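To keep things clear, I will list the structure first and then write my remarks on it.
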Amino acid sequence: MGVEKRLPAVKSFGDSSSHHGRNRSLSRTRERSSPRPPRRPSIPIVNERMRQWTKAKLAISGWMCVPNQDTVICPRLRIAQNTMWVPRSGRVPMTPRAEKTGATTAIFATPQNPLAPRIPRAPRSAPVTPRVTHQGILPPMLKEDEGKITVVLDMDETLLHSEFEGKSGGALRQSEKRKKATREADFKLQVTVNNGALETVKVYKRPWLDEFLMELSKEFEVVVFTAAAPCYAKPVLDRMDSKGCIRHRLYRDSTVTHKGQPFVKDISLLGRSLKRTVLVDNNAFAMMASPDNSIPIMSFYDSQIDRELVKLLRLLRAMKPFDDIRPKLISTFGYREKMTKLLAAMQMQKLK
Numbered sequence: 001m002g003v004e005k006r007l008p009a010v011k012s013f014g015d016s017s018s019h020h021g022r023n024r025s026l027s028r029t030r031e032r033s034s035p036r037p038p039r040r041p042s043i044p045i046v047n048e049r050m051r052q053w054t055k056a057k058l059a060i061s062g063w064m065c066v067p068n069q070d071t072v073i074c075p076r077l078r079i080a081q082n083t084m085w086v087p088r089s090g091r092v093p094m095t096p097r098a099e100k101t102g103a104t105t106a107i108f109a110t111p112q113n114p115l116a117p118r119i120p121r122a123p124r125s126a127p128v129t130p131r132v133t134h135q136g137i138l139p140p141m142l143k144e145d146e147g148k149i150t151v152v153l154d155m156d157e158t159l160l161h162s163e164f165e166g167k168s169g170g171a172l173r174q175s176e177k178r179k180k181a182t183r184e185a186d187f188k189l190q191v192t193v194n195n196g197a198l199e200t201v202k203v204y205k206r207p208w209l210d211e212f213l214m215e216l217s218k219e220f221e222v223v224v225f226t227a228a229a230p231c232y233a234k235p236v237l238d239r240m241d242s243k244g245c246i247r248h249r250l251y252r253d254s255t256v257t258h259k260g261q262p263f264v265k266d267i268s269l270l271g272r273s274l275k276r277t278v279l280v281d282n283n284a285f286a287m288m289a290s291p292d293n294s295i296p297i298m299s300f301y302d303s304q305i306d307r308e309l310v311k312l313l314r315l316l317r318a319m320k321p322f323d324d325i326r327p328k329l330i331s332t333f334g335y336r337e338k339m340t341k342l343l344a345a346m347q348m349q350k351l352k
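Each step along the sequence shown adds one to the number in full-length UniProt numbering, with nothing skipped, and position 33 is 33.
Here it is, written out as structure tokens:
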């Protein structure tokens, strides 16, 4: 009986256990032959509190950078140089902690503040309002007068009539033909003329003047603009306006020369909107520069039955609702057309 020799079992090529074992051995060989690439140094997020921050820079756009320090949030997420967006709400004061006495103050990251130190929040300031420089003869309008119509009144022969006992009256007032009063004056006062002498002035107030100024001051900004010299006009206005109804006063030095005519009152220089400014005068030439904003009034001398101020107050109150009073004045008086005809007639007379 022959002895049967058993050959060792040969594993097939497709045996999985042998295949995987061979692959594992090959991979180990490769690992030994080729070393792993070095990992980039980074600081895990859990160790942030142990790291000292260097000087942080906050850009104008709001991005904060800490140079040469990277932070790893997770294995695949890295914050390069600790650049982050700092919201405005997060810019609150933070007390820095010093390591040693006399050492440079260092700020440490903490789990509550892991990425970047907070910076002091700048105090919020009120919105900057562009400053508008007021340009005009008059000072800026008071708050209590805002929205009101500015009424510019002439003095002589509009609010009152005056007569000088001496010969200085012609130089202190605008030159024009004046009638003499036939009744007693309402008051007399002495004024100092240019040469230092005293002159006695008799003043006749227009009927309803006191009541007119009182009611006008409640609803309008009242300005008196006279072509008279201040040495005469100031004491007269002080006596006439004892209750302080007139807000501003302008005198001869505020007038201009317009088209060769002196003592013209240009209300565009006052610093008020022409949409809400009106000039009342008895002299046509005084209103040459502002024909669309003018109300002519009859000259007053001594009449005791005059009611022009009552009519004027009624007209001014009727214009209060208008944002622009000029169309109303143009349709009512048409003063520009009248002034054009008057100037043309004067030119023809000069040519003759």
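All residues carry an ideal CB built from backbone N, CA and C; glycine is no exception.
Note that the structure is predicted; figures quoted are calculated from it, not measured.
_Burial state of Pro-139 (16 or more Cβ within 10 Å)_ = exposed
*Quick one: what does DSSP say Phe-187 is sitting in, helix, strand or coil?*
strand
*Assign Met-214 to buried or exposed, taking buried as 16 or more other Cβ atoms, counted over all protein chains shown, within 10 Å of its Cβ.*
exposed
*asked:* Between the alpha carbons of Trp-208 and Phe-187, how many angstroms are there, rounded?
replied: 16 Å
_Residue nearest to Asp-253 in terms of C-alpha spacing, selected from Val-264, Leu-309, Arg-247_ = Val-264
*Give the secondary structure of Leu-312 by DSSP, where H, G and I count as helix, E and B as strand, and everything else as coil.*
helix
*Measure from the C-beta of Leu-316 to each C-beta in chain B and report whether the shortest distance is under 8 Å.*
Of the chains in the structure shown, none is chain B; there is only one protein chain.
_Report the CB separation of Asp-323 from Arg-206 in whole angstroms; it is logged as a contact under 8 Å._
At roughly 31 Å, the Cβ-Cβ gap does not stay under 8 Å, so Asp-323 and Arg-206 are not in contact.
*Leu-160 bridges to which residues according to DSSP?*
Asp-156, Lys-205
*Nearest-angstrom Cα distance between Ala-344 and Ser-242?*
43 Å
*Would you mind reading off the limits of the alpha helix (DSSP H) that contains Leu-347?*
Note that residue 347 corresponds to Gln in the displayed sequence, not to Leu. That run of the alpha helix (DSSP H) goes 335-351.
*At a cut of 8 Å, does the stretch 144-154 reach the stretch 231-241 through at least three beta carbon pairs?*
no
*Give me the Cα-Cα distance between Gly-170 and Ala-227, rounded to the nearest whole angstrom.*
12 Å
*Between the Cα of Val-278 and those of Leu-312, Asn-194, Arg-173, spot the shortest distance and give me the residue it belongs to.*
Leu-312
*For Thr-332, three-class secondary structure by DSSP*: helix
_Helix, strand or coil, according to DSSP, for Asp-306 in the structure here?_
coil
*Which residue's Cα is closest to the Cα of Asp-281: Asp-266, Val-191, Lys-328?*
Asp-266
_So, at 6 Å on beta carbons, what are the nonlocal neighbours of Gly-166 in its own chain, with the 5 sequence-adjacent residues on each side left out?_
Glu-199
*For the alpha helix (DSSP H) that Asp-238 lies in, which residues bound it at each end?*
230-240
*Which one of Lys-148, Val-201, Arg-247 has the shortest CA to CA distance from Leu-160?*
Val-201
*Which stretch, first to last residue, makes up the alpha helix (DSSP H) that contains Leu-172?*
169-172
*Own chain, CB closer than 8 Å to Pro-262, minus 5 neighbours either side, in chain order*: Thr-255
*Taking Asp-302 and Arg-183 to be in contact with their CB atoms under 8 Å, please state how far apart those CB atoms are, rounded to whole angstroms.*
5 Å
_Can you look up Ile-267 in the DSSP assignment and give me helix, strand or coil?_
helix
_N- and C-terminal bounds of the beta strand (DSSP E) containing Glu-221_ = 221-225
*asked:* Tell me which residue opens and which closes the beta strand (DSSP E) that residue 385 is part of.
replied: Here the chain covers residues 1 to 352 and nothing more, so residue 385 does not appear.
*Does the Cβ-Cβ distance between Ser-162 and Val-203 come in under 8 Å?*
yes
*DSSP on Pro-321, reduced to helix/strand/coil?*
coil
*In the structure shown, what three-state DSSP assignment does Leu-138 receive?*
coil
*Which value, in whole angstroms, describes the spacing of the CA atoms of Lys-328 and Gly-196?*
47 Å
*Endpoints, beta strand (DSSP E) assigned at Val-193*: No beta strand (DSSP E) holds Val-193; DSSP gives it neither H nor E.
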